[in-house]
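Okay, structure first, notes after.
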Amino acid sequence: MRVALLHNLVENAPQPNPDAPRDILYELDHPKNIEAYQKALEAGGHEVFAMNGDAYLAERLKDLSIDICFNQCEGYHGDSREAQIPALLEMLGIPYTGSKVLALALTLDKAMTKRVLAYHGLLTPPFQEFVTADDLLDARLAAHFPLFAKPNSEGTGMGIDDRSILRDEAELRERIAYLLNAYQEPVLVEKYIEGNDVTVGLVGNYPDLHLFPISMIDNSLYEETGIHVYGSELKIDLGDEYKYQCPAQLPDELANELRRLAIETMRVTLTLDYARVDFRLDKNANNRPYILEINSLPGITPISDLTLMAEAEGWSHARLVYSVLEAALKRHGLQIDVPLHEYEKVRVR
7 MRVALLHNLV ENAPQPNPDA PRDILYELDH PKNIEAYQKA LEAGGHEVFA MNGDAYLAER
67 LKDLSIDICF NQCEGYHGDS REAQIPALLE MLGIPYTGSK VLALALTLDK AMTKRVLAYH
127 GLLTPPFQEF VTADDLLDAR LAAHFPLFAK PNSEGTGMGI DDRSILRDEA ELRERIAYLL
187 NAYQEPVLVE KYIEGNDVTV GLVGNYPDLH LFPISMIDNS LYEETGIHVY GSELKIDLGD
247 EYKYQCPAQL PDELANELRR LAIETMRVTL TLDYARVDFR LDKNANNRPY ILEINSLPGI
307 TPISDLTLMA EAEGWSHARL VYSVLEAALK RHGLQIDVPL HEYEKVRVR
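For what it's worth, this note's numbering labels the leading residue of the sequence shown as 7, then goes sequentially.
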């Protein structure tokens, strides 16, 4: 099978503003990750063509007779950037892995996603979207400090650190002003849920879904660093010191509820093939789970959260890549007849 491996490398990104925050390019990929994907795909006998997903992609694909695209494009510009390459592929009539245009545009917009979750009766922290630092604070939030602020359309923990926890309105206004200027997009403010971060990873499509062991970050383990939130500093800068528990030691009833909520979140957001759903467990309410967001284009690099969860179950990185491809092929009505053990011969670290 001829597979186009589509990516957006940091080295191909437009030069950011000199005053941009240092995490502004954290979502983008690196050559070593692309090599890992390519090695995993080639292990199954596929002919792989790695290329940058940009405005010239249609021309690159024109004469290659591609069967399916393995899409890892985060996009370079705009609040619909994750949906841009899938939209182009749909125009060209080329199948691709992962969620479709609507789901990718929706889930990149955290506030809109929370509106969808609330409509379906799925618990998410009360929130407000700010477009200026002077927007009137909703009375429902004003009564529930501390609050939490983050960019509305970023991933990889961008714009999130201990300064995201706001104790009063003065801190809130200052943080909103900073985020608006730094990331040039609306700011999501929500009630801060005190407790541990939990994430649930899934691969496949309903009803043929596989759920990985649940991963939990015990924030008390980071007291010496002064870090209490799972932001870009933990995800990228302190990656080697990342302390997580997988499988998470949770009561069966809570673990089952997290799995149910993850499946429902994937369903109502129209997410396909694979996903990661992030929660906070409210330690002041018997670890009641609040849905923070869903990542419909989750990282599957050799050190991504989803990969770590898969490895906790004994999967190799290659098997995870294979499973994403297989889910997409089944969904598109295409057949793959590659034995899983061929992928298991490759373990990329």
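Every residue gets a Cβ at the ideal spot worked out from N, C-alpha and C, and that includes glycine.
Just so you know, these numbers come straight off a predicted model, no measurement behind them.
Collapsing the DSSP output to three states places Thr205 in a strand.
A residue is called buried when at least 16 other Cβ atoms come within 10 angstroms of its Cβ; Asn18 does not meet this threshold and is exposed. Nearest to Leu108 by C-alpha distance, out of Arg146, Leu185, Gln90, is Gln90.
The region 280-288 makes contact with the region 305-320; the number of CB pairs closer than 8 Å reaches 3 or more. Scanning its chain for C-beta atoms nearer than 7 Å, with the 5 sequence neighbours on each side dropped, one finds around Arg286 the residues Ile199, Gly201, Asp203, Tyr296, Leu298, in chain order. In terms of Cα proximity to Pro20, the closest of Arg181, Thr113, Ile30 is Ile30.
A distance below 7 Å separates the beta carbons of Ser302 and Leu110. Ser159 counts as buried, since no fewer than 16 other beta carbons sit within 10 angstroms of its beta carbon.
With at least 16 other beta carbons inside 10 angstroms of its own, Ser221 counts as buried. In the structure shown, Asn187 falls within a helical segment according to DSSP collapsed to helix, strand and coil. Contact check between the region 166-184 and the region 206-225: fewer than three CB pairs, one atom from each, fall below 8 Å, which does not count as touching.
Boundaries of the alpha helix (DSSP H) harbouring Arg146: 145-148, taken from the DSSP string. The C-beta distance from Ala334 to Ile74 rounds to 7 Å, short enough to fall under 8 Å. Boundaries for Ser86: no alpha helix (DSSP H) harbours it, and the DSSP string shows neither H nor E there.
Ranked by how close their Cα comes to the Cα of Ala49, the residues His323, Ala145, Tyr189 have His323 in first place. The beta carbon of Arg169 lies closer than 7 Å to those of Arg181 in the same chain, with the five residues before and after it left out. Unbroken beta strand (DSSP E) stretches of 3 residues or longer found wholly inside the region 36-61: 53-58, given in chain order. Taking 7 Å as the cut-off, the Cβ atoms of Tyr102 and Pro92 count as close. A direct Cα-Cα distance of roughly 7 Å separates Leu114 from Asp85. By the Cβ neighbour-count rule, Asp35 is buried, with 16 or more other Cβ atoms within 10 Å of its own. The Cβ atoms of Thr271 and Ser105 do not sit closer than 7 Å to each other. By the C-beta density criterion, Tyr43 is buried, having at least 16 other C-beta atoms within 10 angstroms.
From the listed residues Arg266, Pro27, Asp69, Leu314, the smallest Cα separation to Gln190 is found for Pro27. Comparing C-alpha distances from Leu153 to each of Asp144, Met164, Val195 shows the shortest one belongs to Val195. Between Arg146 and the set Lys197, Leu70, Asp224, the nearest pair of CA atoms involves Lys197.
Per DSSP, the beta-bridge partners of Lys156 are Leu194. Secondary structure at Glu33: coil, using DSSP grouped into helix, strand and coil. Taking the C-beta atoms as reference points, Phe218 is found nearer than 7 Å to Glu319. Distances from the CA of Asn14 to each of Lys38, Leu256, Ile300 were compared; the closest alpha carbon is that of Lys38.
Nearest to Asp224 by C-alpha distance, out of Phe151, Lys289, Leu186, Tyr62, is Lys289. Across the set Lys336, Pro257, Thr275, Val137, the C-alpha of Thr275 shows the shortest separation from the C-alpha of Leu112. In the DSSP assignment, the residues bridged to Met222 are Val204, Gln251.
Rounded to the nearest angstrom, the Cβ distance from Leu267 to Asn293 is 13 Å, too far for a contact under 8 Å.
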